[in-house]
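To keep things clear, I will list the structure first and then write my remarks on it.
In our numbering, the protein residues as written are 1188 to 1306.
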């Protein structure tokens, strides 16, 4: 097994079941490392994949808020509009005239060692 620990205080409130799962997934021996099936069957994961007995009232909740849906939709459209990129305003610089430090470093490397040129 690889060398790692679960130090306090970061791992103090993490359950032993969760730590066991992490240990199984971090095993350096592929034969002993958990498969996806083992992960999904793990007790810590299984407790969160069970369907709760609480009935969902989604339809009722949606119908109660029906009068505000137009307002919600308009607000979403306004918010999305501020996130959209106006491609007419986007300008892509010509690489030949760019003065980017990383690009300059790569140019120097290629100039000194033509074999390092990537295709």
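Glycine is no exception: its CB is placed at the ideal position from the N, C-alpha and C atoms. On a predicted model such as this, the values are computed, not experimentally measured, just so you know.
Taking 9 Å as the cut-off, the beta carbon of residue 1191 is found no closer than this to the beta carbon of residue 1208.
Our two residues, residue 1284 and residue 1199, have alpha carbons roughly 54 Å apart in a direct line.
Residue 1202 carries a coil assignment under DSSP once its states are collapsed to helix, strand and coil.
Rounded to whole angstroms, the gap between the alpha carbons of residue 1279 and residue 1265 is 27 Å.
Leaving aside the five residues that flank residue 1251 on each side, none in its chain has a CB nearer than 6 Å to its CB.
The beta carbon of residue 1240 sits closer than 6 Å to none of the beta carbons in its chain outside the five residues before and after it.
Here residue 1213 carries a coil assignment [DSSP, helix/strand/coil].
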